[in-house]
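Comments concern the structure below.
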Amino acid sequence: MRKTGIVKDNRYMNHQAGPFHPESPQRLEVIYAMLEESDMAGRFQEVPVRQAEREELLLIHSPEYIDRVAATEGKAFSSLDPDTATSPGSYEAALLASGGLCQAISMVITGELDNGFALVRPPGHHAERSCAKGFCLFNNVAIGARYAQEFHHVKRILVIDWDLHHGNGTQHSFEDDPSILYFSTHQYPYYPGTGAFEQAGRGQGEGFTVNVPLSTGHGDGEYMGIFERILKPIALEFDPELILISAGFDIYEDDPLGGMYVTTNGFAGLTRSILNIGKACCDGKVVITLEGGYNLEGLRNSVKVVLQELAGLSETDIGAILSKADQEMLDNAVKQVFRVHGRFWKNLGP
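Numbers given in the working numbering equal positions in the sequence shown, counted from 1, plus 169.
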């Protein structure tokens with residue numbers, strides 16, 4: 170059994186995005202309740218939660234934007250974006266989300282933990298340098314990646330984003346940087362509109378942004394095939410020292426915002442695939458942060474199986490999942506990625 174850390178704190182539930190908003194405190198309530206069940210209780214190490222320091226936020230966000238979010242503290246309601254609002258406790262929750270993830274990353278890098286999962290909110294991958302977007306205040310995973318580089322001298326980081334929506338903020342944070350490889354699968358065309366195959370980075374970072382946009386209707390086999398046939402060869406060639414995952418559970422088969430068909434077994438398989446990459450490249454140093462996921466039962470059950478994979482409590486059969494893939498769809502996705510990225514990655518075949 171591995172030492173798997175979890176970031177959890179009831180103050181994350183003090184962020185209220187508004188009545189009937191899908192990104193609700195209930196998302197964490199069902200996850201935290203699951204952690205108390207007999208087969209999960211006591212199996213994970215709780216990470217001491219802290220607020221992100223201003224200098225850590227400044228690694229990604231502008232000082233003016235940080236001040237704008239800080240100004241919402243204690244106010245009953247502030248609208249930062251058409252679908253992103255804050256409540257009195259939102260600023261503190263956002264600081265704790267970024268800071269909690271950074272603390273988990275630190276403990277994994279130093280060997281106190283083997284891997285970890287930051288069960289936090291608000292989510293982060295849509296947040297841009299100078300604006301909130303898509304339910305997100307601070308870009309947790311981007312801050313975590315830069316934190317690992319600046320404070321722990323990690324050279325190469327792989328960021329994997331399997332959320333239903335493209336992580337525009339994360340892509341924009343690193344698109345000119347060859348030291349951070351951003352890999353995203355997402356429903357397309359869909360919010361936020363970014364993430365086409367051709368968006369591959371720029372300047373020195375060209376080739377280090379890999380987008381796999383997907384039409385609706387794909388499930389476990391297709392996602393597993395993309396991870397094994399596209400992500401794996403690129404990741405092994407990139408050889409990261411740390412792997413971060415933006416885990417959005419809105420690709421779950423019954424998510425109210427999505428059109429994908431990933432099951433709990435599929436999420437376990439994706440986690441297993443990434444752990445295999447981590448074992449080959451970086452001694453299993455993998456840290457996950459929660460992004461979307463709005464079917465409460467699906468979110469609870471999917472997070473549970475991901476945690477079980479991280480901790481070594483189960484080991485999902487990737488081959489069985491791969492056998493269910495739509496091979497024609499997979500072949501086309503591989504060809505599209507090869508068309509854009511074949512000149513950057515010699516391990517990638519058409």
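Where a beta carbon is used, it is the ideal one built from N, C-alpha and C, also for glycine.
In the structure shown, residue 253 adopts extended strand secondary structure according to DSSP, grouped into three states. Your pair residue 311 and residue 339 checks out as a contact, with CB atoms roughly 5 Å apart and the cut at 8 Å. Cβ neighbours of residue 516 within its own chain (closer than 7 Å, five residues either side excluded): 402, 403, 405, 406.
When DSSP states are grouped into helix, strand and coil, residue 416 belongs to the strand group. In its chain, beyond the 5 residues on either side, 302, 305, 306, 307, 308, 338 have a beta carbon closer than 7 Å to the beta carbon of residue 296. Residues 376 of the same chain have their beta carbon placed closer than 8 Å to that of residue 512, with the five preceding and five following residues left out of the count. The beta carbons of residue 431 and residue 392 sit closer together than 8 Å. Short of 6 Å from the beta carbon of residue 352, and not among the five residues preceding or following it, lie these beta carbons of its own chain, in chain order: 329, 379, 400. When the alpha-carbon of residue 313 is set against those of 331, 299, 294, the nearest one is in 294. Its Cα nearest to that of residue 354, the residue 363 stands out among 344, 275, 363.
Within the region 211 to 253, complete beta strand (DSSP E) segments of at least 3 residues are found at 247 to 250, given in chain order.
The beta carbon of residue 396 sits closer than 7 Å to the beta carbons of 439, 442 from its chain, once the five residues preceding and following it are set aside; these are given in chain order. A direct Cα-Cα distance of roughly 30 Å separates residue 286 from residue 244. For residue 341, there is no enclosing beta strand (DSSP E); the enclosing alpha helix (DSSP H) has its first and last residue at 337 to 343. By the neighbour-count criterion, in which a residue is buried when 16 or more other Cβ atoms sit within 10 angstroms of its Cβ, residue 473 is buried. In the DSSP annotation of this structure, the continuous segment of the alpha helix (DSSP H) that includes residue 447 starts and ends at 433 to 450. Ranked by Cα distance from residue 361, the first of 385, 374, 336 is 336.
Under the three-state reduction of DSSP, residue 480 is assigned to helix.
In the three-state DSSP reduction, residue 330 falls in the strand class (E or B).
Runs of the alpha helix (DSSP H) lying entirely within the region 367 to 401, each at least 4 residues long, are 389 to 395 in chain order. Per DSSP, residue 193 is not a residue of any alpha helix (DSSP H), being assigned neither H nor E.
Residue burial annotation: residue 370 is buried, with at least 16 other C-beta atoms found within 10 angstroms of its C-beta. By the CB criterion at 8 Å, residue 412 and residue 451 fall inside the cutoff. The C-beta of residue 211 has fewer than 16 other C-beta atoms within 10 Å across all chains shown, which makes the residue exposed. Out of 384, 469, 457, 429, the CA that lies nearest to the CA of residue 358 is found in 384.
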